[in-house]
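One structure is given below, encoded as structure tokens.
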Amino acid sequence: MSRLQHRYGYRFAKRTFDIAFSLLVFALFWWLYVIVAIAIKIDDPNGSVFFVQERMGKDEKPFRMYKFRSMYADAEERLAELRDLNEKDGPVFKIKDDPRITKVGRFIRKTSIDELPQFFNVLLGNMSIVGPRPALKRETDLYTSHQRERLLVKPGITCYWQTRMNRDEIGFDEWVDLDLLYINQCSAWADFKLVIQTVGCVLTAQGN
33 MSRLQHRYGY RFAKRTFDIA FSLLVFALFW WLYVIVAIAI KIDDPNGSVF FVQERMGKDE
93 KPFRMYKFRS MYADAEERLA ELRDLNEKDG PVFKIKDDPR ITKVGRFIRK TSIDELPQFF
153 NVLLGNMSIV GPRPALKRET DLYTSHQRER LLVKPGITCY WQTRMNRDEI GFDEWVDLDL
213 LYINQCSAWA DFKLVIQTVG CVLTAQGN
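Residue numbering for the sequence shown follows my numbering, beginning at 33 and increasing consecutively.
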């Protein structure tokens, strides 16, 4: 981290890329935002188009993260009844056939379209294009000191874990190790490779 804090050129280039890439996404895909918003409201009119949730950012600073809503409006209230079905280890909750996901939600998750509103978080400076995925406070409260090191940098839309084809089989400790590997290797070339790999994942619908 000491090395990264003194790399002013890299940090400036990373922030410049974050802003430029986010603006490009908005300019090219504004029509997709509109279509997805309409589809979400038709599928489940009771909820909002966007799902807004507090996540923990760099140095455990909380922020509001935006996603297209992919679950029914009462999804958070139904979480407790599904906890025993959790398929992940560590503090993360995830099940393959989550009954809270809507029909449109399954499609936008599979194609990673649900992540598009996070480019707004990038513009705000809460997130970066590349970085560890943002965690919930209930998850970070259970972190070990080693796991907490993934909070030393801004969270990102994509990361090493996100681009792994077998990511559903990766345990939480290995997930953390991948995040720490990125932090140790932070460079423009590493970011560029991860962005290209992420585009490939999106085009081949490897989301979940």
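Just so it is clear, CB atoms sit at the ideal spot from N, CA and C, and this is done for glycine as well. These figures come from a predicted structure and were not determined experimentally.
Rounded Cβ spacing between residue i and residue j (contact assumed at less than 8 Å)
i	j	result
Ile228	Thr190	With a Cβ gap of about 10 Å, Ile228 and Thr190 do not count as contacting.
Phe100	Ile70	With a Cβ gap of about 11 Å, Phe100 and Ile70 do not count as contacting.
Ser219	Tyr40	Not quite, the Cβ-Cβ distance comes to about 14 Å (not below 8 Å), so this is no contact.
Inter-residue spacing [alpha-carbon to alpha-carbon] between residue i and residue j
i	j	result
Ala237	Met103	19 Å
Leu60	Thr143	17 Å
Lys202	Val185	Rather than Lys, the amino acid found at residue 202 in this sequence is Ile. For Ile202 and Val185, the distance between alpha carbons rounds to 22 Å.
Asp130	Leu148	21 Å
Thr134	Ala107	10 Å
Gln85	Trp221	31 Å
Arg155	Phe49	Reading off the sequence shown, one finds Leu at residue 155, where the question assumed Arg. So the two alpha carbons sit approximately 11 Å from each other.
Ala45	Phe151	17 Å
Gly79	Gly137	12 Å
Val66	Ser177	42 Å
Ile127	Lys225	29 Å
Helix, strand or coil at residue i [DSSP, three-state]
i	result
Val84	strand
Ala222	helix
Gly188	strand
Ala167	strand
Arg196	coil
(message) List, from N- to C-terminal side, the alpha helix (DSSP H) runs of 4 residues or more that fit wholly inside the region 91-162.
(response) 111-114, 135-142, 150-156
(request) Please determine if the region 203-215 and the region 152-171 are in contact, where contact requires at least 3 C-beta pairs separated by less than 8 Å. (result) Touching, per the Cβ criterion.
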